[in-house]
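Heads up: the sequence shown at position 367 corresponds to 718 in my numbering, and the numbers run straight through without jumps.
I have placed the structure first, in the form of structure tokens, so that the comments after it can refer back to it.
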Amino acid sequence: HLTLFEMMGHHAFNNHSKIYWTEETAAYCHDFFTGIGIDGISYKESEWAGGGNAGACLEVLSHGLEVATLVFMNLEEDAKGNYEVKGVRYKEMPMKIVDTGYGLERIVWITHGSNTVYDAIFPYAIDMIRENAREDMHAIYAIADHARCLAFMLGDGIVPSNSGAGYLARLIIRRALRFMKKIGYKEGLFPIVNAHIEHLSPDFPELKDEKARIEEILEIEEEKFQNVLRKGRAMVMRALEKSGRLDVEKLVELYDSHGIHPEVVREIAEVNIPENFESMVAERHLRAEKKEKEEKKAYGYKTEPLYYEDEYATDFEADVIHVGKGMVILNRTLFYPEGGGQRSDTGYLMQNGKKVRVTKAEKVGEAIVHYIEGELKKGKVKGNIDWERRYSMMRHHTATHIINAAARSILGSHIWQAGSELDENEARLDVTHYKRISEEEAREIERVANEMVRRAVEVKKSFMPRDEAEREFGMRLYQGGPPKGGIIRVVNIPGIDAEACGGTHVNNTAEIGFIKITGTERLQDGVERLRFCAADRALEYMQRQEKLLREVASILSTQPENVARAAEKLLKEWKAARKEVENLQKNMGKGAAMEYEGVRIIMQDNLVPSAIKELTKEKAIVISGNIKGERAMLTIASSPDVDIDCASMAKEIGAKMGGGGGGRKTIGQAGLEAGKLEEAKKVAMEMVKEALKR
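Put into structure tokens, the structure is as follows:
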């Protein structure tokens, strides 16, 4: 088997006029294989089902090796259908579809006549590994195969992470690295991946364009893998101490949560590793990712959305067709329901002189539910949406598309939207990226985004057949995931971005005015978050920042442009003063010391950690109190050569004083009420003296 394979095929859509069906399809297939010298052909009849459709199929084999599958799709899922395939009911559909798949690599293998498919399709990679490693063909084949798969996965923009497709990429990378470690191959994973890129680039030139990024990702992943190996032993030891044994579930958990493969565990403890271990991990992980969606009651009503006809309209008339507790359903509405990361519209509904607040709109099935404060009856109603909120969200939503495009321009084509959320005040965009976004990169993304805004590009919104949209814009359309249905809404900003999107947008990028990135953060490994605001909210943010800067400048008695220099000077002065305080505390502590049983005991309040460390370098014990507000902290510390348990003392004192405590043998701390500190210090002194007598 291969981790990556290329499927060829031919298709026919038999609707009103027949193109070709079963007999012709089988004949075309037979002629093709016999024409290229493949013999021993046999056909196995079976059933195929997937994606709501089903039909008969033929598996095509040559000397027992499956080389093609011919599917004859003529059924569609229907609970009341007359046909049953693999436990699901289907009915006959008017269109009969021929869907075939021919395995390119298997055809190369069988015509080449080599022992394995690997020797047939990438001998160059196998030879490269064999020259620099021990002879273990199972490991060598796996490394060569995984490297080829990674060339396409990473080249297509998948970023290794702990979720989704990124998780599978990391799984494959680490499996290849383990095999490399096993056979002593030390040349790194990228040279093998690069050999595939060079070989495949005549047919897939985009791989060469992504080569530098692929190399950087693999370097980062190899370093992370080495860190896992370094930390793995300690984690395994802790797990063994806790449970005494490691079963399969624990092995899966260690790998899934910490990246520690059973081969690492095996170096420490005897474990049985299932042959399908990686499959178990992948299935467990992907199964856990499926979120249970709360089932909403299907009301059986349909609401006509008016917000796509005119996103700038604010008033409308409609009929209340259903009334529930705290909610109504209208036959038509301008209220945008929450979805696609965009919060819903709010506003009012008026009926017979009565005005009620709409706090939220939500789509349930084909109905749009309006949650209200008050009561309405069935009948005519007038609606008004909060325009300021709507327009701010329109600006933020279009800004989200622009930030996504700008991030792709600066960071690379691997950038995909991993999530987004916006309201009238700010927006955030989560993107797939393999390292932290630097301040410089964030500034560049902001600069490019505002260039796009200033270009005053028309934002085109249209409903298109899915296949037509995919042909025109490619799969980049599905930044927020593929929507349902054969007709999709496309928001196209020519020369900038095109996405399948059901949100509300401005008509021209110039309406956004200005975009300000307010921060970046790591959401999870492989996913970075960009926070930003647009238009009036961006101006308000800048004004708040300017006000804060002036306040800081006033405190530092300087001009705003000199704040950084003044703060740096203040920090240097503070560090110097702190050093003087530390030296003073050390000298005072030494002077205030008393000797007991050959050990110096120093009782001095407000000692900084460095002073405590210095005072306990020689045979000594320190007791120090510190008060902050209504709470106090008691510290007991000792030199390593003094045989007392500071942590136990601190814990006991904390418990006596109604607080808590702990630490380690040479330093313990107890938290307590400020009024009990003096008593606690006396108890500490008594306990120290008692311990020294033993």
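Built from N, CA and C at the ideal position, the CB exists for glycine as well.
When 423, 462, 441 are compared, the shortest CA-CA separation from residue 447 is found for 423. Per the Cβ contact rule, the region 866-882 is not in contact with the region 842-852 (fewer than 3 Cβ pairs under 8 Å). In the three-state reduction of the DSSP assignment, residue 409 falls in the strand class, which pools E and B.
With 16 or more other Cβ atoms from the protein chains shown falling within 10 Å of its own Cβ, residue 441 counts as buried. The C-beta of residue 1005 has 16 or more other C-beta atoms within 10 Å across all chains shown, which makes the residue buried. Beta-bridge pairing by DSSP links residue 700 to 707, 734.
Under the three-state reduction of DSSP output, residue 869 falls in the strand class. By the C-beta density criterion, residue 826 is exposed, having fewer than 16 other C-beta atoms within 10 angstroms. Under DSSP, residue 771 takes part in a beta bridge, and its partners are 780. The three-state reading of DSSP puts residue 500 in helix, counting H, G and I together. With a threshold of 16 other beta carbon atoms within 10 Å, residue 1032 meets it and is buried. For residue 1020, DSSP records a beta bridge to 986, 1013.
Pairwise C-beta distances place the region 747-761 in contact with the region 774-782, as three or more of them are shorter than 8 Å. Nearest to residue 426 by alpha-carbon distance, out of 695, 435, 652, is 435.
The continuous beta strand (DSSP E) containing residue 675 extends over residues 666-675. Non-local C-beta neighbours of residue 874 in its own chain, meaning closer than 7 Å and more than five positions away in sequence, comprise 781, 880, ordered along the chain. Assignment of residue 461 by DSSP, reduced to helix, strand and coil, places it in the helix class. Each residue's CA atom was taken as its position, placing residue 912 and residue 884 some 25 Å apart.
DSSP places residue 545 inside the alpha helix (DSSP H), whose first and last residues are 541-551. Residue 703 and residue 734 have their C-alpha atoms spaced approximately 12 Å apart.
Taking one beta carbon from each stretch, the region 803-813 and the region 786-794 have fewer than 3 pairs nearer than 8 Å; the two do not touch. Judged by DSSP secondary structure, residue 848 falls outside any alpha helix (DSSP H) and instead within the beta strand (DSSP E) spanning 848-851.
Per DSSP, residue 436 is one residue of the beta strand (DSSP E) stretching across 434-436. DSSP places residue 467 outside any beta strand (DSSP E), giving it a letter other than H or E. The Cβ-Cβ distance between residue 985 and residue 1023 falls below 8 Å. Its chain contains 477 as the residues whose beta carbon lies nearer than 7 Å to that of residue 470, once the 5 sequence neighbours on both sides are disregarded; these appear in chain order. Beta-bridge analysis with DSSP links residue 450 to 362, 422. The DSSP-derived three-state label of residue 581 is helix.
With contacts defined by Cβ atoms closer than 8 Å, residue 682 and residue 665 do not form a contacting pair.
In the three-state reduction of the DSSP assignment, residue 384 falls in the helix class, which pools H, G and I. Annotation: residue 1008 is outside any alpha helix (DSSP H) and is labelled neither H nor E by DSSP. Between residue 511 and residue 520 a beta carbon distance of about 5 Å is seen, short of the 8 Å cut, so the two are scored as contacting. Remark: fewer than three beta-carbon pairs, one from each stretch, lie closer than 8 Å, so the region 832-839 and the region 792-801 are not flagged as touching. Closest option to residue 966, judged by alpha-carbon separation, among 485, 979, 982, 991: 991. Residue state for residue 725 is assigned as coil, using DSSP reduced to three classes.
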